[in-house]
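Student:
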Amino acid sequence: MKIKRLKLSGFKSFVEPSELRIEPGLTGIVGPNGCGKSNLLEALRWAMGEGSPKSLRGGGMEDVIFAGTATRAPRDFAEVSILIEREPTDSSMGGESEVTRRIERGSGSAYRLDGRDVRAKDVALLFADAATGAHSPALVSQNRIGAVIAAKPTERRQMLEEAAGISGLHARRKDAEQK
Ligand code: ATP
Ligand code: MG
Numbered sequence: 000m001k002i003k004r005l006k007l008s009g010f011k012s013f014v015e016p017s018e019l020r021i022e023p024g025l026t027g028i029v030g031p032n033g034c035g036k037s038n039l040l041e042a043l044r045w046a047m048g049e050g051s052p053k054s055l056r057g058g059g060m061e062d063v064i065f066a067g068t069a070t071r072a073p074r075d076f077a078e079v080s081i082l083i084e085r086e087p088t089d090s091s092m093g094g095e096s097e098v099t100r101r102i103e104r105g106s107g108s109a110y111r112l113d114g115r116d117v118r119a120k121d122v123a124l125l126f127a128d129a130a131t132g133a134h135s136p137a138l139v140s141q142n143r144i145g146a147v148i149a150a151k152p153t154e155r156r157q158m159l160e161e162a163a164g165i166s167g168l169h170a171r172r173k174d175a176e177q178k
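The opening residue of the sequence shown carries number 0 in numbering that gives the first Met the number 0; numbering runs sequentially from there.
(1) Measuring CB to CB, does E41 end up less than 9 Å from V14?
(2) Based on the DSSP secondary-structure assignment, which residues constitute the bridge partners of A109?
(3) With burial defined as no fewer than 16 other Cβ atoms inside 10 Å of the residue's Cβ, what is the status of G94: buried or exposed?
(4) Can you tell me whether DSSP reads L19 as helix, strand or coil?
(5) Beta carbon of I64: closer than 8 Å to some heavy atom of ligand 1?
(6) What is the DSSP secondary structure of S37, reduced to helix, strand or coil?
(7) When DSSP labels each residue in this structure, what does S54 get in the three-state scheme?
(8) Do R115 and R101 have their C-beta atoms within less than 9 Å of each other?
(9) According to DSSP, simplified to helix, strand and coil, what is R115?
(10) Given this structure, state the Cα-to-Cα distance separating K173 from S90, to the nearest angstrom.
(11) Consider the C-beta atom of L125 and the heavy atoms of ligand 1; say whether any pair is separated by less than 8 Å.
(12) Measuring CB atoms only, is the segment 22–33 touching the segment 43–56, in the sense that at least three cross pairs come out at less than 8 Å?
(13) Determine, using beta carbons only, whether V79 and S8 come nearer to each other than 9 Å.
(14) Please identify the residue among P16, S12 and M0 whose C-alpha is closest to the C-alpha of K185.
(15) Using alpha carbons as the reference points, say which of I21, A119 and S12 lies closest to R74.
(16) DSSP on F76, reduced to helix/strand/coil?
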């Protein structure tokens, strides 16, 4: 799976609709302290289904919504879309899809896949199968290196399973066992 474009509106410091094309190869984000580099990575993780406000440096999930500044009023929603390109597999054709997550003050998050309403779980499975997602080892944030080193063996195994792309299988098995 490739991430081709990130769109944000009202997410943290990205109050105005913003769009970033992600070209093939390694992507680096540079800029002065506080300009929003970490916010961009958090937007990616959030749209992929991150459920923990703490891991997005907030107290509650609504803290991702632009909170306002001395000169700008706060926003009442945040929306992030990721355009992905999926490789064809035995069971699907591949091609481009857009995943969107939106949160409104007082009414929580909703997800869309190519404009259709979907569940958080559907988005999590989509990314888990592609060895990416909110907790993907492919997204290395500022404090993550230390976490890998300090992890317990079982946690480290989970990280390796995610990297290998088999955590989607585990999620499906768990789902099937509950039914
Ligand atoms: P550093 O180089 O220090 O790591 P950075 O480029 O990673 O900086 P971020 O941490 O992404 O910067 O951005 C921090 C900025 O985002 C701060 O100015 C903070 O006020 C702003 N910010 C975070 N959440 C919100 C929000 N909900 N509403 C408005 N601004 C926000
Ligand atoms: Mg940062």
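In this text, a Cβ means the ideal position worked out from N, Cα and C, and glycines have one as well.
Tutor: By the coordinates alone:
(1) One-based indexing of the sequence shown puts residue 41 at position 42. One-based indexing of the sequence shown puts residue 14 at position 15. For the pair E41 and V14, the CB atoms are not nearer than the 9 Å cut-off.
(2) By 1-based counting over the sequence shown, the position of residue 109 is 110. The partner list for A109 (beta bridge, DSSP) reads R101.
(3) One-based indexing of the sequence shown puts residue 94 at position 95. It is exposed - the Cβ of G94 has fewer than 16 other Cβ atoms within 10 Å.
(4) Sequence index remark: in the sequence shown, residue 19 carries index 20 (1-based). The answer is strand: DSSP assigns L19 an E or B state.
(5) As a position in the sequence shown, residue 64 is number 65, starting the count at 1. True, at least one ligand heavy atom lies under 8 Å from that Cβ.
(6) Stepping through the sequence shown from its first residue, residue 37 is reached at position 38. Helix, per DSSP.
(7) Counted from its first residue, the sequence shown places residue 54 at position 55. Correct three-state label for S54: helix.
(8) Taking the first residue of the sequence shown as position 1, residue 115 is located at position 116. Taking the first residue of the sequence shown as position 1, residue 101 is located at position 102. No, the pair does not count as a contact, with Cβ atoms beyond the cut-off.
(9) Counted from its first residue, the sequence shown places residue 115 at position 116. Correct three-state label for R115: strand.
(10) Reading the sequence shown from its first residue, position 174 is the one you call residue 173. Reading the sequence shown from its first residue, position 91 is the one you call residue 90. Rounded to whole angstroms, K173 to S90 spans 21 Å at the Cα level.
(11) Against the sequence shown, residue 125 aligns to sequence position 126. Answer for L125: no, Cβ out of range of ligand 1.
(12) The segment 22–33, when compared against the segment 43–56, does not touch it at the 8 Å Cβ threshold.
(13) Start at 1 with the first residue of the sequence shown, and residue 79 comes out as number 80. Start at 1 with the first residue of the sequence shown, and residue 8 comes out as number 9. The answer is yes: Cβ separation under 9 Å.
(14) Within the shown structure, residues of the chain are numbered from 0 to 178, placing residue 185 beyond reach of any answer.
(15) Taking the sequence shown and counting its residues from 1, the one referred to as residue 74 is at position 75. Among I21, A119 and S12, the Cα nearest to that of R74 is on S12.
(16) Within the sequence shown, residue 76 is the residue found at index 77, counting from 1. F76: strand per DSSP, three-state reduction.
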